[in-house]
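Notes follow once the structure below has been shown.
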Amino acid sequence: MTRSNLQRLPGLDTLRAAAIVAVMSYHLKSSLPESMAVVAQFGWMGVDLFFVLSGYLIGMQLLKPYASGDRPSIRSFYRRRAYRILPAYLLVLWIYLVFPAWRESPVLPPYGSF
């Protein structure tokens, strides 16, 4: 299954945008006006929405071959996930290990003390 075979669902992009706004408002609650802070207290629901969307989209990827009579390849699925996730993960890990000045800042806890 290639990316061109997957249909893009604009409604899901809208839900994803709503989840992003909800999570950001939750984290920025202290700097928002009082009228917005009331709404921002429910921003944690954005994380739940991300989990639901992820489950739905991953389920669609896994079940799509059944619609055409094929058998889904779990190995291919995990290979695609690794190609998508590992480059960003390894880049962040490399930055964290190579630049200790960033690692020992007040923003990030010292290495090894999570």
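Everything in the sequence shown is counted per UniProt numbering, starting at 1 for the first residue and increasing by one. Heads up, the beta-carbon is just placed ideally off N, CA and C, and yes, glycines get one too. Please read these numbers as outputs of a predicted model, since none were measured by experiment.
With 16 other Cβ atoms within 10 Å as the buried cut-off, status of residue i
i: glycine 46; result: buried
i: tyrosine 56; result: exposed
i: alanine 88; result: exposed
i: alanine 22; result: buried
i: isoleucine 26; result: Correcting the residue identity first, residue 26 is tyrosine in this sequence and not isoleucine. The residue is buried, with at least 16 neighbouring Cβ atoms inside 10 Å.
i: alanine 19; result: buried
Helix, strand or coil at residue i according to DSSP, with G and I counted as helix
i: glutamine 7; result: coil
Proximity test, Cβ basis, 8 angstroms: residue i and chain D
i: methionine 60; result: Structure shown: chain D not included; a single protein chain is present.
Separation of residue j from residue i, as counted between CA atoms
i: aspartate 48; j: arginine 71; result: 30 angstroms
i: valine 39; j: arginine 8; result: 30 angstroms
i: serine 68; j: arginine 84; result: 25 angstroms
i: leucine 63; j: serine 73; result: 10 angstroms
i: glutamine 41; j: methionine 24; result: 11 angstroms
i: threonine 14; j: serine 54; result: 14 angstroms
i: leucine 97; j: leucine 86; result: 16 angstroms
i: serine 35; j: leucine 93; result: 39 angstroms
i: glycine 11; j: phenylalanine 50; result: 14 angstroms
Beta-carbon proximity check, residue i vs residue j, cutoff 8 angstroms
i: lysine 29; j: alanine 17; result: no
Residue i beta carbon near the ligand HEM (any heavy atom closer than 7 angstroms)
i: serine 73; result: Among the ligands in the structure shown, none appear at all, so the ligand HEM cannot be discussed.
Check your understanding: Counting only runs that start and end within the UniProt domain "Acyltransferase 3" (10 to 101), where is the alpha helix (DSSP H) found for 4 or more residues in a row?
Key -> 10 to 27, 34 to 40, 45 to 67 and 74 to 98
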